[in-house]
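Here is the structure we will look at, set down as structure tokens.
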Amino acid sequence: MTTTSAWRPQRRKTRQASRFASTLIVVLIMGLLLVFFVLPVIWLILAPTKTASELLNQPPLSFGAFSNIGLAWDHLASFENGIIFVWLKNSAVYSVGSLILTLATSIPAGYALALTRFRGRKILLTITLLVMIMPSASLVLPLFLELNRFGLIGTAWSIILPFSFFPFGVYLVYIYFSTSLPSEMLEAARIDGASEWQLFTRIALPLARPVVALVAFFSFVGNWNNFFLPYLVLPSSDQFPIQVGLNQLLSSTPSFNPVAGAGLDIQSPELALSIIIAILPVLIVFLFSQRALVSGMLAGSTKG
Amino acid sequence: MKSPTVPQSGAPKRRVLRAALAIASLTAIVALAGCASATQSTSTGTAGFKKAAQNNSSTITVWADSTRLPAVQAYQTSHPNAKLNIVTYDGSADGSTYLQTKVQLFDRTGKGWPDVVFASPTDVTWASKATSPSAQAFAAPVDELVPSSTINNFAKGSLTPCQYNGHTYCLRNDIAQVVTWYNKTLFDKFGYTVPTTWEQYQALGAQVAKDHPGYVLGWVGDSNSQESYFWSSQCPAFDLVQPNTLRVALGSTDCTRMATLLDSMIANKSISTQASNNATFIKQTAPKVLMAVGPSWYGQYIFNLGFKTPAGQIAAANPMTWSGDTTAATGNVGGGVWMISSHSTNLKAATAITSWLTTSDANQGSAPTYPAYGPAAKTWLANPANSKYFAADVSGAFTTAANEVWTGWSNTKFSDATAWSSVVLPALTAGKTLTATLPAWQAAIVDEAKSVGYTVTTK
Amino acid sequence: MTALNTGGRLMAPTAPSPARRRTPRRRAGLAGYLFVSGYAILLVAFGIYPTLFAGYLALTNDRGQFTGLNQFVKVIQDYRFGPAFTNILVYLVMWLVILVVLTVVVAVILRSRMKPGLSSVFRFLFYIPGALAGVASVLVWMFMLDPGVSPVSGLLNALGLSTFSQVIAPQSLPVIFVFIAFWTGAGGWIVVMYGALNNIPDEILEAARVDGAGPWKSAWFIQIPMISKWIAYMTILAFAAGTQLFVEPQLLQSASLGRLNPTWSPNQLAYVLAFQFGDFNGAAAVSIFLLAIGLVGAGILVTRSGLFKAGDE
């Protein structure tokens, strides 16, 4: 095996050639991936500017007309009397509601798992890891029966409560606190007579801002995009979040359901527009939290 | 300082291992001992229809797909006193099991069922039976709720999918009888005559392949193409000879004759193996569609909305026969049904809206698809809005075909589309012939049938 | 299902520092219980109870009788079981290899070969598809894969694929799902890997450079070993999420009007068993198999990578 000393400068010529080759490889990889990631997105953004038949007949990456966006918007807004706005509002209620509960439960729990001692701590950690890989299809029936027993079916709680259970978040907070908050610091404060609650609110919480942002981001995105649970649990279409709503739009589109759509005006451009609307909140949240995402991770792994 | 409850390093691992071993040996012992069978209970006949406590002023919940939503809303407008809670869902399109899934869950919670639903005929097969030993069948027998004169007025055979154990569990919204569609403008231009037998159809295919390559006489790539072609050929692919015995005999000549015919036309490219909703097909082949064997809704939904064929070109002819046969048999592709929930607390209101939706001229006369209810179908055909798109009167073909739907293709507990579209179509795409694929199709149907509890005969 | 798991991207793999263990306090015990109580309630209600219930279902029949392992035997003998598990294994192998290799390579390039500003733009561009989950991603790919309308129809045609039905031929399906999963999932992981790389002190890389190590060599001998725990961690979560593949095949199945087998993946099989046949017991048995695969996979990775070692105490 080559050791570091063997890498000492050799002949200049070969080095230049290899530098050129490696730059070429880098450009090639990044270029291909950029196309792979971005091309479909560009197509998606351009799709609502075209009519359904232009989408078939014009070059895929051509621009149609701004007026078509307005047209698609009108069709979308009049679909089932503007139910898409109800779906967006529902998504916001479910995502934000469970986000609040997730933060309220997972931050203290992760803190306690990392920095306090109590019986069952390790069991709790192990179970947290285990439930993360449990297939959710099998959990839906028990979950449904349980929610029904408490009379929650048909209420927003039937979505918010299961969403608030976020073991990933707890584990993340646990890692964060156990690596970035020295317990000596807490010990010193304890000796000064601070209560456990004060330790948490005065010392731990102010330090936890990056991880709070991290948990909030992933909880929000996960909940906003969740399809399966609301699809199965919600009994009524005006309670659907946008993801389930998109599925309903899809099944009302003639090209995906030949017997649908007379006079509904929901076609591919309308679908594309509804997708763009549905993902905007997630993209905005990502843009705002990208810095916290990177710095939160940093803190999490400093001592790894 | 370590809290005494925290075990030493490594201990939990060993403990977990020991526990796992214990569980494993326990399960092994249990497995060796006699255990109850894992097979599901079979519902014991009709559980009987026990009405819930009735309240004639309670609100009823109606589930409809987006296409039928305007009809339900129209009912609300014309009946301002009706108390409706309207919910939209996918209408069981494309083999969706949304309705079935939800009813499974409602059966377990004992509440939440919609009072009236629009659904596909396949849904009736499970809705007419209890989903679990303790549940009651979801669908109410409508023959106990509407007058028999109403039921008798539905097109012949159109209520067959609704019937189980001597009761009728749904009212048919529309039928989708298969007719022979053709482009009159192109036929006139090329000087062809519309085939009346399958043999003529095949011969025309050979001629078109030679004289007008690129033009097609139909396609088989849709998830329902088997219903247009093999059903019309009276192929016993889904033949319920007894309530629980399914005959799947794709080796029979009634199937092979159609397979051979289609193979020859696929080979000379006068029939496409693509799907009609496929973008490439719409772009390249749709303007060159001379003919199509397909249901009554092809006119509006495929030619008008899908292919954007200009008005005044498309016409329909009677279903084709096999030379030698005196009467034609034809297929049926889809067609929705309305069901009333047996759990409804306001059966009166539920029955009223279901009758209005399926039988009234006010609704069905201008419905998007061909009504199953005889008198309404007459009004529908007389409605200029339903015929102005066509090059010639379609009512003759529609009426004839409606009475020629072959009843040997049963409504089974599993969708007839799954095996066709997931086994046969990929094989066609890969270049295999239909004749060579029949055994694989047969095997797939038999697997499905057995998994839902049918006894299968293949003779 | 995808959504349920996306949140898992950031379960950090680093071990808690051992220093913490020296200072437990008795009074912290009670406080600890109070702090975890909210989460514990949710864990019992939405994690433990449903899991135990699923276990109970898998060992009984719909009459509530104890069946031992008969449900498992029954589902193994089901004609859909073998193909579904074969499909998911093929998918998992391709998905994990591509995910691990590409995210690490890209993260290294973003970290060491690019200006921070440009790299942040790239990270955002790579992440955008991550916002498109479920219906949205399938729909976009329906168009990308249709040679008639795709922006890359030239490429598809060059591969000998001229129709959509040829593109979604059964043997190509695992590749298609890997594409969709990579397109929506890789961006998030690239951000994670970048964050991990960012954390390696500059002095270490500087020292290597002084020793004459080129960027590739320092990546291979220094950067990648230092983030190996993150890689193992990503692999475990991607593996667990991959076993649960559901939304993509389900939606592609309905959007292609049934050209896919409705029980393509094991999770779909469980869903069909439960909701189409009312066989919740058989469905639970399929899920337990999936869980077992997930646990074995995670177990191998944990022992091989030394991940969580300190965390296990």
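Protein chains in written order, with the working numbering: chain A, 29 to 332; chain B, 2 to 460; chain C, 820 to 1132. Note that the Cβ used here is the ideal one computed from N, Cα and C, for glycine as well.
| Asked | Found |
| --- | --- |
| Neighbour flag for residue 377 (chain B) against chain A, beta carbons, 9 Å | no |
| Contiguous alpha helix (DSSP H) assignments of at least 4 residues, all confined to the region 183-226 of chain B | 185-191, 199-212 |
| Length at least 3, wholly inside the region 293-345 of chain B: the beta strand (DSSP E) runs in chain order | 315-318, 338-341 |
| Paired residues, beta bridge with residue 140 (chain B) - DSSP | B:342 |
| Pairwise C-alpha distance: residue 249 (chain A) and residue 361 (chain B) | 48 Å |
| Closest Cα partner of residue 956 (chain C) within the set C:849, C:1011, C:1045, C:995 | C:995 |
| When B:262, B:173, B:221, B:146 are compared against residue 374 (chain B), the one with the closest alpha-carbon | B:173 |
| Chain C contact for residue 158 (chain A) (CB, 9 Å cutoff) | yes |
| Residues in the region 266-283 of chain B having any Cβ partner in chain A nearer than 8 Å | 277, 278, 280, 283 |
| Close-in-space but distant-in-sequence residues of the same chain around residue 276 (chain A) (CB under 8 Å, 5 per side omitted) | 265, 268 |
| Partner residues on chain B for residue 196 (chain A), Cβ-Cβ distance less than 9 Å | Under the 9 Å cutoff, chain B gives no residues; its nearest Cβ is about 22 Å from residue 196 (chain A). |
| The region 338-351 of chain B in contact with the region 245-256 of chain B per 3-pair CB rule at 8 Å | no |
| Cutoff 9 Å: residue 88 (chain B) Cβ touching any chain A Cβ | yes |
| According to DSSP, residues forming a beta bridge with residue 273 (chain B) | B:220 |
| Continuous beta strand (DSSP E) stretch holding residue 129 (chain A): start and end | No beta strand (DSSP E) holds residue 129 (chain A); the alpha helix (DSSP H) holding it covers 111-143. |
| Chain B contact for residue 219 (chain A) (CB, 9 Å cutoff) | no |
| Under 7 Å (Cβ pairs) to chain B, residues found in the region 968-991 of chain C | 968, 982, 983, 984, 985, 988, 989 |
| Collapsed DSSP secondary structure at residue 456 (chain B) in the structure displayed | strand |
| Coil, strand or helix - residue 450 (chain B) by DSSP | helix |
| Residues bridged to residue 228 (chain A) (per DSSP) | For residue 228 (chain A), which the question treats as bridged, DSSP gives no partner whatsoever. |
| Neighbour-count burial assignment, residue 41 (chain B), 16 or more Cβ in a 10 Å radius | buried |
| Short CB-CB distance (under 9 Å) between residue 224 (chain B) and chain C | yes |
| Residues of the region 269-282 of chain A with Cβ closer than 9 Å to any Cβ of chain B, in chain order | 275, 276, 277, 278, 279, 280, 282 |
| Coil, strand or helix - residue 155 (chain B) by DSSP | strand |
| Chain C contact residues for residue 50 (chain A), given Cβ-Cβ distances below 8 Å | 1033, 1034, 1035 |
| Within 9 Å, strictly: CB atoms of residue 214 (chain A) and residue 236 (chain A) | no |
| Straight-line gap, residue 987 (chain C) to residue 116 (chain A) (C-alpha atoms, nearest Å) | 32 Å |
| Identity of the residue in C:850, C:873, C:864 nearest residue 1093 (chain C) by Cα | C:873 |
| Continuous beta strand (DSSP E) stretch holding residue 243 (chain B): start and end | 240-243 |
| Three-state secondary structure (DSSP) of residue 181 (chain B) | strand |
| Span separating the alpha-carbon of residue 1038 (chain C) from that of residue 196 (chain A) | 29 Å |
| Residues that residue 168 (chain B) bridges to, as DSSP identifies them | B:165 |
| Simplified DSSP assignment, three categories, for residue 966 (chain C) | coil |
| Chain C within 9 Å of residue 66 (chain A), Cβ atoms only | yes |
| Secondary structure, alpha helix (DSSP H): runs of 4+ residues fully inside the region 1070-1122 of chain C | 1085-1095 |
| Neighbourhood of residue 58 (chain B) by C-beta distance below 8 Å, restricted to the same chain and skipping five residues each side | 84, 347 |
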